[in-house]
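Following: one structure in structure tokens, then a few remarks.
In our numbering, the protein residues as written are 41 to 390.
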């Protein structure tokens, strides 16, 4: 497929834009599909302002919609240090084995190997086993019963740092098709879909397939280097089933388009594809970093939310639709008072 932009835009500052604080959505809209939808022509940069339900008008029979069916776990645990009673927060990032997790802890300096943390009056206990690269901790959990049930009882949804309002309904930070638990953050482009809207899309003759990528908190990690190419991406686990791979490949063979719902679906397909753009089934880890100059192998259109300035996600979108087109679309979004980030409005780049 085409290379959408030359190697311009390799400075992190090239992805900066002004965003008024009040445009950062603090809660989801009442009706998922009532979000606004900005449609951007990736070739011309032309912008149209629609409602998310209008997404159907841009899909054709034979096209395939690719959705990430990961499920967010209530990964934020608040407890106390066993010996001092000091407040501690542990954020689950990645499961290592049945009882061990890679975690982010606060305050980190006080949680050295051997330290113990108690949650829920002793219902759950954590022992810090090791300090990992980047300051994360390997933690072993001690409990009686089923870990997932205890976590569901004690854990909180790990909302991004820019959302300060408490979420009343945990399910609103899950997609309606969330199935496989393992994410520390939601694949937020999918939050706009309702079951009814997906049924209407399927009734049009559009295929829907599911892939799984467990989203890590690295998705919110700022780019701290000036040269984009020097940034090191976090690693995430993904899986593509044989059924999904075959449907995606068939879509292209028959001359139709593959629409990725979210940057996580995009990163999954681009990681799973060979040089000829054939998607291979299987499970693996990916640290793919997509920025301008990247040649897309699978994705034909992208449904996504509005992303943070200078983030790897806005770089990915810029690789697909052109940095100047994206920044102009974002400028218009600010002017038109679109809602930004996880609980915000959506874009379609096609």
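Virtual Cβ for every residue (Gly too), placed ideally from N, Cα, C.
Predicted, not measured: the structure shown is a model, and the values here were computed from it.
Asked: Assuming residue 334 is part of the beta strand (DSSP E), what are its boundary residues?; Found: Element bounds for residue 334: n/a, residue is neither H nor E.
Asked: Could you pull out every residue in the same chain whose Cβ sits closer than 7 Å to the Cβ of residue 216, ignoring the five residues on either side in sequence?; Found: 233, 234, 235
Asked: Can you give me the start and stop residues for the alpha helix (DSSP H) that residue 448 sits inside?; Found: No information on residue 448 is available, as it lies outside the stretch 41 to 390 that the chain covers here.
Asked: Roughly how many whole angstroms lie between the Cα atoms of residue 286 and residue 351?; Found: 32 Å
Asked: Using the C-alpha atoms, what's the distance from residue 331 back to residue 63?; Found: 25 Å
Asked: Are three or more beta carbon pairs between the region 246 to 253 and the region 150 to 160 nearer than 8 Å?; Found: no
Asked: Could you spell out the range, first to last residue, of the alpha helix (DSSP H) harbouring residue 391?; Found: An answer regarding residue 391 cannot be provided, because it is not within the stretch 41 to 390 covered by the chain.
Asked: Considering only DSSP beta bridges, list what residue 121 is partnered with.; Found: 157
Asked: How far does the beta strand (DSSP E) with residue 134 in it extend, from its first residue to its last?; Found: 127 to 135
Asked: Does the region 101 to 108 come close enough to the region 117 to 126 that 3 or more CB-CB pairs lie under 8 Å?; Found: no
Asked: Pull up the CB-CB distance for residue 99 and residue 90, whole angstroms please, since I reckon it's below 8 Å.; Found: Not quite, the Cβ-Cβ distance comes to about 13 Å (not below 8 Å), so this is no contact.
Asked: Within 10 angstroms of its Cβ, does residue 110 collect 16 or more other Cβ (buried), or is it exposed?; Found: buried
Asked: Determine the direct distance from the alpha carbon of residue 131 to that of residue 300, and round the result to whole angstroms.; Found: 28 Å
Asked: Go ahead and label residue 385 buried or exposed: buried means 16 or more other beta carbons lie within 10 angstroms of its beta carbon, across all protein chains shown.; Found: buried
Asked: Contact defined as beta carbons within less than 8 Å: I believe residue 339 pairs with residue 306. What is the distance between those atoms, to the nearest angstrom?; Found: 5 Å
Asked: Who are residue 91's beta bridge partners in DSSP?; Found: 76
Asked: In chain order, which alpha helix (DSSP H) runs of at least 4 residues are fully inside the region 162 to 237?; Found: 187 to 194
Asked: Locate the alpha helix (DSSP H) running through residue 428, then write down its first and last residues.; Found: Nothing in the structure corresponds to residue 428, since the chain is present only between 41 and 390.
Asked: Nearest-angstrom Cα distance between residue 135 and residue 151?; Found: 19 Å
Asked: Determine whether the beta carbon atoms of residue 275 and residue 326 lie at a separation below 8 Å.; Found: yes
Asked: Taking only three categories from DSSP, how would you classify residue 358?; Found: helix
Asked: Indicate the three-state DSSP secondary structure (helix, strand or coil) for residue 113 in the structure shown.; Found: coil
Asked: Could you tell me the distance, in whole angstroms, from the CA atom of residue 186 to the CA atom of residue 359?; Found: 44 Å
Asked: Exposed or buried, what is residue 476 when buried is set at 16 or more other beta-carbons lying within 10 Å of its beta-carbon?; Found: Given that the chain is displayed from residue 41 to residue 390, the structure contains no residue 476 and the question cannot be resolved.
Asked: Quick check on residue 252: does DSSP put it in helix, strand or coil?; Found: strand
Asked: Is residue 241 helix, strand or coil when you go by DSSP?; Found: helix
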